[in-house]
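In this note's numbering, the protein residues as written are 950 to 1429. All residues carry an ideal CB built from backbone N, CA and C; glycine is no exception. Have a look at the structure below before the remarks.
This is the structure we're talking about:
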């Protein structure tokens, strides 16, 4: 094996794809990577539960409920906002395009996570999300805001007009600032560190939280809106997020030495020793990755897959309502997608350990395309329920496969920075997806053309991923 940081091996001397199976890293080598040897698991009493499990639970809830509230349940608020403020679908969907903030923030959040760990990043990000929801719930028509003081000290009377729509956009920015550090980025790192040998199936389980969020937050949001109004819907979401932030502060740790200290506890994964912990933390440097042609194919392919969230998921309830389904039926359709998505994540997570995450993503995009064709053909018939099942079985897996593809190809050492760069390119689907869907609907009273364009994007993404191949560093020295 090459020296750490050489161009023939990833940093720390272990190939990220086979990091957890490397027979050449012993405890002595691990100590050179910052992982101190620990007592054999057999020599220490197995007391307590392996910390990786509550961490996986926090990641499950953080990512799942954030996505369930901000994306799945978005459509539940569309008609109430239209009715109260008279906004168009394009105006409401424009708040989703502000998700470009997520893309621009992602490289910085990823870098901070690589440097300071996932705990602080997750907690701070969740607090941003909570603030966004809670402030949406108390939007007021501020009108002319005057800074008033005693008559003798009155020196400034600004005329500031903040409409409801302006406030809605500003509070949406808070949501998107917190989004990258509360969802897939920390989940990808935490699962790869704490469950190095079974990260595919565990990532499938954790990212099934995304669909659990859709399965639970859509009916919860719909129920609260119907019972108490849309303001209380946003308020309930905000309070739930605060609870998850508290749990994240107490449980999340992600240093290799933290993993080693837990290796003797109950339900710890087998083979969790110094060598495994060191290998799990290995990976290419960002400089090496940026010189790999496969990085650009993977970036294009994964960002094409992200259109499923911005051009399809957020528009599914309005689409079904337009096709003649009731509000409850439309919510049920989205819940079917979410339920099938759970099965999809579990299946694709396990499949990624067999045929690789990259080829699993190709299959996922193909199945999603088939589901969208069925939605277009349904035209208000019962075929829409079949379409929801098929689309969900393909759609769900992509949430697990995005971080798995990055970890599989480039390793964990600079995982946050690499995924952050890929996510920054994600401003394209964030901007184009919802605006395309909204504009097409406003002009045609249908989402069919938008879904057809999305099918073409999915198939192009599958082609890019199939061209990526196995990642190899270029012969240029690191740091040159």
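Reducing DSSP to helix, strand and coil, say where residue i ends up.
i	result
residue 1285	helix
residue 1204	coil
residue 1414	helix
residue 1129	coil
residue 1391	helix
residue 1396	coil
residue 1094	Residue placement at residue 1094 is poorly supported in this model, since its pLDDT is 42, which falls under 50; the coordinates still yield a value, given next. Correct three-state label for residue 1094: strand.
residue 981	With a pLDDT of 37 at residue 981, under the threshold of 50, the predicted position of this residue should be treated as unreliable, and no value is reported.
residue 1331	coil
residue 1275	coil
residue 1036	coil
residue 1144	coil
residue 1020	coil
residue 1087	coil
residue 1138	helix
residue 1060	helix
residue 1103	Caution applies to residue 1103, whose pLDDT of 40 falls short of 50 and renders its modelled position unreliable; the value that the coordinates give is listed next. It is coil, neither helix nor strand.
residue 1170	helix
residue 1151	helix
residue 1299	helix
residue 1156	helix
residue 1163	helix
residue 1047	coil
residue 1240	coil
residue 949	Any property of residue 949 remains undetermined from this structure, which presents the chain solely from 950 to 1429.
residue 1250	helix
Nearest to residue i by CA position, among the options, is which residue?
i	options	result
residue 1247	1415, 1125 and 1156	1415
residue 1243	1045, 1417 and 1059	1417
residue 1019	1114, 1123 and 1068	1123
residue 1398	1190, 1321 and 1336	1321
residue 1201	1140, 1275 and 1351	1140
residue 1235	1360, 1179 and 1186	1360
residue 1147	1305, 1323 and 1271	1305
residue 1328	1394, 1381, 1366 and 1007	1394
residue 1065	1331, 998, 1135 and 1082	1135
residue 1130	1160, 1051 and 1192	1051
residue 1191	1387, 1404 and 1007	1007
residue 1272	998, 1173, 1330 and 1289	1330
residue 1311	1338, 1013, 1249 and 1333	1249
residue 1114	1261, 1036 and 1053	1036
residue 1088	1184, 1211, 1392 and 1038	1184
residue 1156	1405, 1387, 1402 and 1299	1299
residue 1142	1291, 1069, 1211 and 1074	1211
residue 1387	1061, 1166, 1264 and 1303	1264
residue 1195	1165, 1239, 1402 and 1079	1079
residue 1145	1165, 1205, 1339 and 1133	1205
residue 1053	1003, 1127 and 1017	1127
residue 1057	1412, 1364 and 1405	1364
residue 1233	1000, 1125, 1357 and 1013	1357
Between residue i and residue j, which are expected to be in contact by the criterion C-beta below 8 angstroms, what is the C-beta distance as a whole number of angstroms?
i	j	result
residue 1318	residue 1407	5 angstroms
residue 1026	residue 1163	Not quite, the Cβ-Cβ distance comes to about 14 angstroms (not below 8 angstroms), so this is no contact.
residue 1295	residue 1158	Actually they do not touch by this definition, with Cβ atoms about 12 angstroms apart.
residue 1384	residue 1042	6 angstroms
residue 1029	residue 1179	4 angstroms
residue 1354	residue 1251	7 angstroms
residue 1254	residue 1326	That pair is no contact at about 23 angstroms.
residue 1293	residue 1344	7 angstroms
residue 1333	residue 1269	7 angstroms
residue 1045	residue 1259	6 angstroms
residue 1049	residue 1376	4 angstroms
residue 1197	residue 1286	At roughly 27 angstroms, the Cβ-Cβ gap does not stay under 8 angstroms, so residue 1197 and residue 1286 are not in contact.
residue 1171	residue 1280	5 angstroms
residue 1083	residue 997	About 35 angstroms; that fails the 8 angstroms criterion.
Going by DSSP, which residues form a beta bridge with residue i?
i	result
residue 1215	998
residue 1360	1232
Would residue i be called buried (16 or more neighbouring beta carbons within 10 Å of its own) or exposed?
i	result
residue 1203	buried
residue 1216	exposed
residue 1193	buried
residue 1362	buried
residue 1161	buried
residue 1106	Only weak support exists for where residue 1106 lies, its pLDDT of 42 falling under 50; the value from the coordinates is given anyway. By the 10 Å Cβ count, residue 1106 comes out exposed.
residue 1351	buried
residue 1389	buried
residue 1199	exposed
residue 1368	buried
residue 1138	buried
residue 991	Caution applies to residue 991, whose pLDDT of 43 falls short of 50 and renders its modelled position unreliable; the model cannot decide the point.
residue 1403	buried
residue 979	At residue 979 the pLDDT is 38, less than 50, meaning the model places this residue with poor confidence; the figure from the coordinates comes in the next sentence. The residue is buried, with at least 16 neighbouring Cβ atoms inside 10 Å.
Quick one: does the C-beta of residue i sit closer than 7 angstroms to a heavy atom of the ligand ATP?
i	result
residue 1385	As far as ligands go, the structure on display features none, and thus does not contain the ligand ATP.
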